[in-house]
Amino acid sequence: MTMAEVTFLVVDDDEIDVELLQRAFRKLKIANPVVRARDGLEALDVLRGTGGRECLRPPYIILLDINMPRMTGLEFLNALRGDATLAQSIVFVLATSDDQLDIYKTQEMLISGYIVKNRMDRSLEQALSMIDNYWKVVELPA
Amino acid sequence: MAEVTFLVVDDDEIDVEVLLRAFRRLKIANPVVRAHDGLDALDVLRGTGGREKLEPPYIILLDINMPRMSGLELLEEIRRDDELRRAVIFMLTTSDDERDILTSYERNISGYVVKSKAGKSFEEALAMLDHYWKVVELPI
Chain A
89 MTMAEVTFLV VDDDEIDVEL LQRAFRKLKI ANPVVRARDG LEALDVLRGT
139 GGRECLRPPY IILLDINMPR MTGLEFLNAL RGDATLAQSI VFVLATSDDQ
189 LDIYKTQEML ISGYIVKNRM DRSLEQALSM IDNYWKVVEL PA
Chain B
529 MAEVTFLVVD DDEIDVEVLL RAFRRLKIAN PVVRAHDGLD ALDVLRGTGG
579 REKLEPPYII LLDINMPRMS GLELLEEIRR DDELRRAVIF MLTTSDDERD
629 ILTSYERNIS GYVVKSKAGK SFEEALAMLD HYWKVVELPI
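Chains as they are written, first to last, in our numbering: chain A, 89 to 230; chain B, 529 to 668.
Structural data, given as structure tokens:
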């Protein structure tokens with residue numbers, strides 16, 4: 089079990105989606121630090137400590153939206169996996185798309201899990217509750 | 529929701545028995561397929577060597593220290609295989625060696641679980657897996 093507190097890096101351009109996520113965290117009493125990036129480029133700044141952002145130290149888990157301006161989720165994953173210091177980062181994709189091709193292309197980038205946000209049979213909270221479960225039992229890259 | 533199979537790759541009979549008992553205690557009723565080491569696991573994933581091919585969706589629970597082909601070697605082989613490379617893999621191992629952890633994440637496993645902490649926390653890890661397969665879209 090990872091003892092150091094795990095930060096969630098939320099990468100999402102949609103203010104409402106981010107607010108819904110924060111509310112779900114609060115409701116589930118998930119009190120981990122949350123850092124927000126508006127898109128892939130900002131997320132890379134956060135992970136590298138560039139562009140005026142403070143460098144985010146591990147352990148962290150990235151919660152990644154797919155549809156974003158400037159740099160899409162897939163482009164971000166490409167950049168992440170191509171960077172030797174960041175390639176091992178853990179990424180859960182929180183997507184609205186349940187399109188099989190989108191899912192396939194994203195899984196090709198070797199993420200920890202592709203989660204469809206608004207599935208009929210299961211709420212966002214249930215998904216976040218799993219992630220809360222996950223960081224407590226898994227050894228994360230240090 | 530298609531039923532998810534757990535492919536358990538572990539050469540130690542006792543460890544496998546402990547795992548199966550924990551699944552039963554937690555009422556995790558998913559099908560479980562057992563492979564004895566990395567080579568056996570590849571046979572299962574490919575339908576070679578007399579093994580029936582395991583169809584997705586599945587989650588691989590992978591030990592590290594095994595004869596013939598270790599967990600890390602199997603991981604490399606899976607990531608090199610175009611058909612298998614998206615497989616969701618959790619390391620389930622006694623090794624808490626930082627190098628094993630880093631190497632595993634460099635091959636983009638979904639999570640690394642140290643199983644030396646037996647009892648409640650091992651069950652918590654399995655409960656998390658039971659939660660995980662219900663939430664995540666697995667490769668098919």
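Ideal Cβ positions, reconstructed from N, Cα and C, are used throughout, including at glycine.
If you reduce the DSSP assignment to three classes, tell me which class residue i lands in.
i: residue 219 (chain A); result: helix
i: residue 136 (chain A); result: helix
i: residue 227 (chain A); result: strand
i: residue 616 (chain B); result: strand
i: residue 107 (chain A); result: helix
i: residue 542 (chain B); result: helix
i: residue 550 (chain B); result: helix
i: residue 129 (chain A); result: helix
i: residue 563 (chain B); result: strand
i: residue 97 (chain A); result: strand
i: residue 535 (chain B); result: strand
i: residue 608 (chain B); result: helix
i: residue 124 (chain A); result: strand
i: residue 211 (chain A); result: coil
i: residue 102 (chain A); result: coil
Using a cut-off of 9 Å between C-beta atoms, extract the partners of residue i located in chain B.
i: residue 218 (chain A); result: 656, 659, 660, 662, 663, 664
i: residue 167 (chain A); result: The contacting residues do not exist; residue 167 (chain A) stays about 15 Å from chain B at best.
i: residue 210 (chain A); result: 662, 663
i: residue 230 (chain A); result: 626, 629, 630
Counting only Cβ pairs nearer than 7 Å, list the residues of chain A close to residue i.
i: residue 638 (chain B); result: 200, 201
i: residue 634 (chain B); result: 175, 176
Going along chain B, which residues have a C-beta under 7 Å from residue i?
i: residue 191 (chain A); result: 665
i: residue 204 (chain A); result: 665
List the residues of chain A whose Cβ lies closer than 8 Å to the Cβ of residue i, in chain order.
i: residue 614 (chain B); result: 192, 195, 196, 198
For a contact meaning CB atoms closer than 9 Å, what does residue i contact in chain A?
i: residue 652 (chain B); result: 89, 221, 224, 225
i: residue 641 (chain B); result: 225, 226, 227
Determine the chain B residues that contact residue i at a beta-carbon separation under 8 Å, and present them in chain order.
i: residue 131 (chain A); result: Here the premise fails: no neighbours, minimum Cβ distance about 18 Å.
i: residue 215 (chain A); result: 663
**Asked** Any contact of the stretch 133-141 of chain A with the stretch 535-546 of chain B, i.e. 3+ C-beta pairs under 8 Å?
**Response** no
- Message: Extract the residue ranges of the alpha helix (DSSP H) inside the stretch 625-667 of chain B, only unbroken runs of 4 or more that lie entirely within it.
- Response: Counting whole runs of 4 or more residues, the stretch 625-667 of chain B contains the alpha helix (DSSP H) stretches 626-634, 648-663.
For this session: Quick one: which residues of the stretch 141-154 of chain A get their C-beta closer than 8 Å to a C-beta of chain B? List them in chain order.
Result: none
Of the residues that make up the stretch 617-630 of chain B, which ones have a beta carbon closer than 9 Å to any beta carbon in chain A? 618, 619, 624, 626, 629, 630
*With 7 Å as the limit, tell me which residues of the stretch 582-598 of chain B have their beta carbon closer than that to any beta carbon of chain A; keep them in chain order.*
none
So if I threshold CB-CB distances at 9 Å, which residues from the stretch 95-116 of chain A count as touching chain B? If the cut-off is 9 Å between Cβ atoms, the stretch 95-116 of chain A has nothing near chain B.
In the stretch 134-201 of chain A, which residue ranges form an unbroken beta strand (DSSP E) of at least 3 residues, counting only runs that do not cross its ends?
148-152, 178-183
- Within the stretch 565-600 of chain B, note down every full beta strand (DSSP E) run reaching 3 residues or more, in order along the chain. 586-590
Can we say the stretch 206-217 of chain A touches the stretch 109-120 of chain A, given the rule of at least three CB pairs closer than 8 Å? Yes, the stretch 206-217 of chain A touches the stretch 109-120 of chain A.
Using 8 Å as the threshold, is the stretch 173-181 of chain A in touch with the stretch 599-617 of chain B, meaning 3 or more CB pairs across them? no
Three or more beta-carbon pairs under 8 Å between the stretch 559-576 of chain B and the stretch 594-606 of chain B, yes or no?
yes
* Asked: Below 8 Å, can you find three or more Cβ-Cβ pairs linking the stretch 538-549 of chain B to the stretch 195-211 of chain A?
  -> no
(message) For the structure I just gave you, are there three or more beta carbon pairs, one from the stretch 90-107 of chain A and one from the stretch 142-156 of chain A, closer than 8 Å?
(response) yes
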